[in-house]
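With the working numbering, you'll find the sequence shown wraps up at 930, consecutive numbering, no jumps. Contents: one structure, followed by commentary.
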Amino acid sequence: MATDSSLQSSSRRSDGQRLWTFGNCTIDETNRLLTIGGVMADLEAKPFDILLELLHHAGEVVTKDELLDAVWPNVTVAEGSLTTALSKLRRTIGDTEGVMIVTVPRLGYRFAAPVSVTPSAPQAPVLAIEAGAAVPGRTNWHYAERLGHSPHAEVWRIAHDKTRDTRVLKLAADASRLCSLKREVAVARLLRESLGERADFVTVLDWNFSEAPFFIESADGGANFADWAAAQGGLASVPMALRIELVAQVASTVAAAHGLGVLHKDLKPDNVLVSVDRNGRWQSRVIDFGSAVLTQPERFDVLGITNTATGDAMDGAVGGTTPWIAPELFAGEAPGMVADIYALGVILYQVVIGDLRRPLATGWEAHVGDPLLRADIADATIGDPAKRLESAAELARRLHDLDGRRREADAAKAAAMRAQLAEAKMARVRARRPWMIAATLALLLGTSLSVTLAMRAARERDNALHQTRIADSINGFLANDLLARSNPFRSASAGESFVDVVKQASPLIDRRFAAEPAIAARLHQTIANAFDKRSDWVEARIEYDRAAALWAKAGSTNATDAIINRLQRAMMEARSYQDGSPARAQSEIDRALPEIGALAHARPDVAVWLASARGMAALVNNDIKKAQEQFDLAVQDAGKLPQLDPIARLTFRQRLAFTKIRLGDGPGAEHDFRALARDYAAIEGPDGPNVLMTRMNLTQALTVGHDHEGAIAEASALYPRLAARLGEDHEMTLQLLTTKAQSEGMIERWADAIRDDLRVHELAAKKLGSHAFFTIASLTDAATAQCRSGQAAQGLANAEQAYRDAVAGFGKVALADAIAYTVAECDIDLGRTAEAAARLEGIDAAAVAQLAGDADWGANVRLAWARIAEASGHKDAARQELEAVRAVYTAKSAEPYQARTWRDLMRKVS
Numbered sequence: 021m022a023t024d025s026s027l028q029s030s031s032r033r034s035d036g037q038r039l040w041t042f043g044n045c046t047i048d049e050t051n052r053l054l055t056i057g058g059v060m061a062d063l064e065a066k067p068f069d070i071l072l073e074l075l076h077h078a079g080e081v082v083t084k085d086e087l088l089d090a091v092w093p094n095v096t097v098a099e100g101s102l103t104t105a106l107s108k109l110r111r112t113i114g115d116t117e118g119v120m121i122v123t124v125p126r127l128g129y130r131f132a133a134p135v136s137v138t139p140s141a142p143q144a145p146v147l148a149i150e151a152g153a154a155v156p157g158r159t160n161w162h163y164a165e166r167l168g169h170s171p172h173a174e175v176w177r178i179a180h181d182k183t184r185d186t187r188v189l190k191l192a193a194d195a196s197r198l199c200s201l202k203r204e205v206a207v208a209r210l211l212r213e214s215l216g217e218r219a220d221f222v223t224v225l226d227w228n229f230s231e232a233p234f235f236i237e238s239a240d241g242g243a244n245f246a247d248w249a250a251a252q253g254g255l256a257s258v259p260m261a262l263r264i265e266l267v268a269q270v271a272s273t274v275a276a277a278h279g280l281g282v283l284h285k286d287l288k289p290d291n292v293l294v295s296v297d298r299n300g301r302w303q304s305r306v307i308d309f310g311s312a313v314l315t316q317p318e319r320f321d322v323l324g325i326t327n328t329a330t331g332d333a334m335d336g337a338v339g340g341t342t343p344w345i346a347p348e349l350f351a352g353e354a355p356g357m358v359a360d361i362y363a364l365g366v367i368l369y370q371v372v373i374g375d376l377r378r379p380l381a382t383g384w385e386a387h388v389g390d391p392l393l394r395a396d397i398a399d400a401t402i403g404d405p406a407k408r409l410e411s412a413a414e415l416a417r418r419l420h421d422l423d424g425r426r427r428e429a430d431a432a433k434a435a436a437m438r439a440q441l442a443e444a445k446m447a448r449v450r451a452r453r454p455w456m457i458a459a460t461l462a463l464l465l466g467t468s469l470s471v472t473l474a475m476r477a478a479r480e481r482d483n484a485l486h487q488t489r490i491a492d493s494i495n496g497f498l499a500n501d502l503l504a505r506s507n508p509f510r511s512a513s514a515g516e517s518f519v520d521v522v523k524q525a526s527p528l529i530d531r532r533f534a535a536e537p538a539i540a541a542r543l544h545q546t547i548a549n550a551f552d553k554r555s556d557w558v559e560a561r562i563e564y565d566r567a568a569a570l571w572a573k574a575g576s577t578n579a580t581d582a583i584i585n586r587l588q589r590a591m592m593e594a595r596s597y598q599d600g601s602p603a604r605a606q607s608e609i610d611r612a613l614p615e616i617g618a619l620a621h622a623r624p625d626v627a628v629w630l631a632s633a634r635g636m637a638a639l640v641n642n643d644i645k646k647a648q649e650q651f652d653l654a655v656q657d658a659g660k661l662p663q664l665d666p667i668a669r670l671t672f673r674q675r676l677a678f679t680k681i682r683l684g685d686g687p688g689a690e691h692d693f694r695a696l697a698r699d700y701a702a703i704e705g706p707d708g709p710n711v712l713m714t715r716m717n718l719t720q721a722l723t724v725g726h727d728h729e730g731a732i733a734e735a736s737a738l739y740p741r742l743a744a745r746l747g748e749d750h751e752m753t754l755q756l757l758t759t760k761a762q763s764e765g766m767i768e769r770w771a772d773a774i775r776d777d778l779r780v781h782e783l784a785a786k787k788l789g790s791h792a793f794f795t796i797a798s799l800t801d802a803a804t805a806q807c808r809s810g811q812a813a814q815g816l817a818n819a820e821q822a823y824r825d826a827v828a829g830f831g832k833v834a835l836a837d838a839i840a841y842t843v844a845e846c847d848i849d850l851g852r853t854a855e856a857a858a859r860l861e862g863i864d865a866a867a868v869a870q871l872a873g874d875a876d877w878g879a880n881v882r883l884a885w886a887r888i889a890e891a892s893g894h895k896d897a898a899r900q901e902l903e904a905v906r907a908v909y910t911a912k913s914a915e916p917y918q919a920r921t922w923r924d925l926m927r928k929v930s
């Protein structure tokens with residue numbers, strides 16, 4: 021049986037045998053007890069540790085970083101966790117005005133109250149237990165095996181001399197562990213009274229809370245998961261089916277506890293026991309509820325159980341063991357049931373890969389070959405608790421039904437293969453009508469993705485012939501009602517009359533195909549794709565909406581086409597970067613999911629569109645890793661569809677390559693986009709629209725890879741061609757000019773950067789509105805260049821306007837934080853250091869780094885703090901900030917302006 025988590029750590033300091041007194045408060049460092057006015061007070065673990073750290077440096081300034089390192093060692097947590105813990109500490113000791121613990125702006129905290137300290141009486145090792153010794157007060161029982169220990173607590177397996185029965189004894193030498201023992205007994209009684217005797221919980225048999233040593237005696241539930249696996253020859257030797265079954269049992273057990281409002285809060289392999297049940301099968305048991313949180317404490321009263329459990333865990337302290345702790349707990353959020361689900365997901369991952377100590381790190385997916393288990397782990401461990409798997413019961417259901425889910429997946433693959441064979445038949449029919457395909461390709465500007473995928477055969481020849489009749493109707497309309505009216509995109513001019521012709525032709529669709537809603541829907545969807553490609557979001561929305569209404573009218577046999585229309589609409593919304601567009605994109609995806617689930621036989625292209633839509637939504641929400649995963653799925657699924665148009669395959673590769681830009685992998689992105697440009701050119705020619713767009717992405721990759729001269733040269737050569745082909749206000753043209761301005765700023769060509777940024781802002785504001793991404797980002801970039809080139813007043817005005825627009829359009833997310841930094845930088849230039857400090861507080865540097873595709877972006881914030889400290893006369897603080905970012909600003913790839921600022925500051929403070 022494993023020790024409880026509290027036994028695995030003692031006081032953080034080896035010299036922790038002191039009594040600290042300040043005001044009416046006394047801290048017993050040995051027993052980790054706080055008394056106020058002679059009455060014991062409850063104080064959570066992290067606030068207690070902060071208080072000790074401040075007391076050990078009373079009168080000195082302890083920096084925030086020092087407190088974070090001391091209290092959360094080897095763990096990355098948000099600064100908000102420190103703020104929350106300090107607030108609790110101040111509230112407990114009655115220091116709400118910050119008189120005893122003084123905040124030192126931009127540095128840290130200082131304990132200012134008078135403090136006296138005396139050594140506490142040294143304690144003898146009262147639990148000096150040896151194996152084989154008799155258990156006091158228990159005839160014929162002896163200590164057989166120590167299972168866990170700390171200086172003041174131990175866990176032992178005890179055995180009867182005659183019967184050889186075994187039990188487990190958890191002992192505490194003093195009151196410092198008493199709270200945890202009481203909580204464990206209270207929760208065990210609650211579980212037993214409410215659920216009855218169950219094999220998946222360990223029965224508590226006896227306890228003593230009246231005098232030291234305190235103890236709990238419980239039934240012996242077997243070896244912990246790690247020891248059990250070792251006894252089997254290693255976890256890799258255990259059949260995968262058995263491993264999954266044991267985790268499913270644990271999830272079911274946790275679900276039963278959750279049903280009573282009990283959050284375990286310290287789930288890990290050490291707190292899972294495995295033994296053989298009476299039927300000869302392996303049975304898991306969940307133990308150690310000493311850190312549990314009860315969300316419905318009134319259940320104790322209903323069952324007549326005295327709730328003696330108070331303190332950290334009941335108050336919602338982080339608790340737990342690092343690899344299994346949900347990320348929201350590190351951020352200071354109150355624990356919820358989904359925190360246990362996160363831990364279950366980590367355990368499932370470790371069990372699947374055969375390593376119970378490996379953390380769930382970036383790239384974990386590569387170690388899990390089974391796509392169903394990979395999805396289960398991902399759903400259970402997603403960082404956002406609101407998006408995490410909703411219940412432990414659902415995880416248990418998935419794992420128990422894994423074989424059935426695999427059969428369903430195999431059936432789906434077989435259906436996909438049948439569909440591909442049917443599609444091959446239809447392709448032969450389409451081959452007799454090449455002029456139809458050519459007309460469709462002309463409409464879609466080289467992206468025949470919609471019609472190609474929409475023309476999906478079912479399984480029978482009659483349906484293939486029916487689809488061919490639809491193609492005849494569609495292409496007849498294209499030839500007679502659309503293409504005959506103008507020479508569309510292929511005329512290579514952005515000012516041509518194609519858009520007007522399409523707008524005039526759109527109403528004709530409904531009249532001509534009034535009795536054929538499926539044909540009308542497909543045409544409207546095709547036109548929506550064309551407007552989408554031109555970044556004409558208003559017209560695209562109109563056409564997508566019309567297509568959706570007609571697909572609904574066409575009936576359930578066209579449900580798949582309706583779903584794909586919805587997913588294409590979701591991608592358009594995400595790409596528009598307009599006010600509210602991320603929420604609209606996610607809403608369309610959420611509406612599509614139950615519709616996909618209701619399909620009796622999902623067409624294989626549905627998975628491609630769903631992954632692509634999810635990737636686009638994740639991209640706009642700055643979840644780049646998820647975007648990369650989803651785009652990779654789209655590429656893989658598209659590769660399984662031989663009938664898919666080559667342009668479509670390249671489109672999905674292009675989206676995947678773009679995630680490398682957002683992750684800061686400039687060289688990798690450059691390699692991918694050069695290859696894509698060659699592949700597109702082989703199909704479209706050197707001036708094809710997709711070739712031009714891919715070259716725009718190549719320019720971005722060069723900028724991210726710090727080849728700014730190369731990026732400016734590429735952008736300058738490409739811009740006239742892209743503007744002529746698509747128009748100055750097309751999103752791709754705007755993005756190209758934005759990238760060019762970014763590289764101009766990086767090499768301090770300020771006038772060029774300001775000119776190009778303000779031109780993008782002007783065009784974007786006119787077309788997209790003031791709350792669109794391009795509008796906001798371009799104004800921010802212009803403000804940066806203005807402030808750095810001596811135009812700080814105008815730069816500050818533009819930066820503040822951009823910040824207001826960003827918050828109004830997107831909320832206080834990474835984009836707003838990036839602009840807050842720009843405002844602060846302009847404030848510093850104008851000598852407004854107090855205003856700058858207020859702006860810098862709370863910036864999520866990690867999120868902005870991902871948005872910018874620059875892993876070192878956070879160094880900018882520290883450099884700004886160094887500027888403030890130096891201007892305020894705090895040279896030591898400035899030097900500390902500068903030393904922290906030395907590697908960034910002495911690197912060859914460092915931004916010249918910032919590197920020079922760093923060097924100048926270093927000379928001033930040295």
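Quick reminder that beta carbons are idealized off the backbone N, C-alpha and C, glycines included.
Close beta carbons around residue i, own chain, < 7 Å, minus the five adjacent residues each side
| i | result |
| --- | --- |
| residue 268 | 416, 419 and 420 |
| residue 291 | 22, 306, 307 and 308 |
| residue 910 | none |
| residue 560 | 548, 551, 552 and 592 |
| residue 781 | 795, 798, 799 and 802 |
| residue 784 | 754, 792, 794, 795 and 798 |
Cutoff 8 Å; reference residue i; Cβ partners in own chain excluding five residues on either side
| i | result |
| --- | --- |
| residue 841 | 859, 860, 863, 868, 880, 881 and 884 |
| residue 219 | 297, 303 and 305 |
Separation of residue j from residue i, as counted between CA atoms
| i | j | result |
| --- | --- | --- |
| residue 924 | residue 395 | 51 Å |
| residue 68 | residue 400 | 32 Å |
| residue 90 | residue 73 | 8 Å |
| residue 634 | residue 614 | 15 Å |
| residue 664 | residue 604 | 28 Å |
| residue 277 | residue 393 | 24 Å |
| residue 8 | residue 78 | There is simply no residue 8 to check, as the chain begins at 21 and stops at 930 in what is shown. |
| residue 526 | residue 582 | 19 Å |
| residue 39 | residue 133 | 16 Å |
| residue 503 | residue 528 | Any reading at residue 503 must be qualified, since the residue scores a pLDDT of 43, below 50, and its modelled position is unreliable; the value itself is stated next. Residue 503 and residue 528: Cα-Cα distance of roughly 14 Å. |
Backbone secondary structure at residue i - three-state DSSP
| i | result |
| --- | --- |
| residue 763 | helix |
| residue 117 | coil |
| residue 302 | strand |
| residue 770 | helix |
| residue 226 | strand |
| residue 220 | coil |
| residue 243 | strand |
Sequence-distant residues of the same chain with beta carbon closer than 6 Å to residue i, five excluded per side
| i | result |
| --- | --- |
| residue 753 | 742, 743 and 746 |
| residue 388 | 372 and 394 |
| residue 513 | Note on residue 513: pLDDT 44, under 50, position unreliable in the model; no value is reported. |
| residue 385 | 394 |
Distance CB(residue i)-CB(residue j) smaller than 8 Å
| i | j | result |
| --- | --- | --- |
| residue 379 | residue 343 | yes |
| residue 71 | residue 127 | no |
| residue 594 | residue 640 | yes |
ask   = Quick one: complete beta strand (DSSP E) runs, 3+ long, within the segment 808 to 864?
value = none
task = Enumerate, from N- to C-terminal direction, the unbroken beta strand (DSSP E) stretches of 3 or more residues contained entirely within the segment 160 to 218.
result = 161 to 170, 173 to 180 and 186 to 192
task = Could you name each continuous beta strand (DSSP E) segment of 3 residues or more that falls completely within the segment 524 to 559, going from the start of the chain to the end?
result = none
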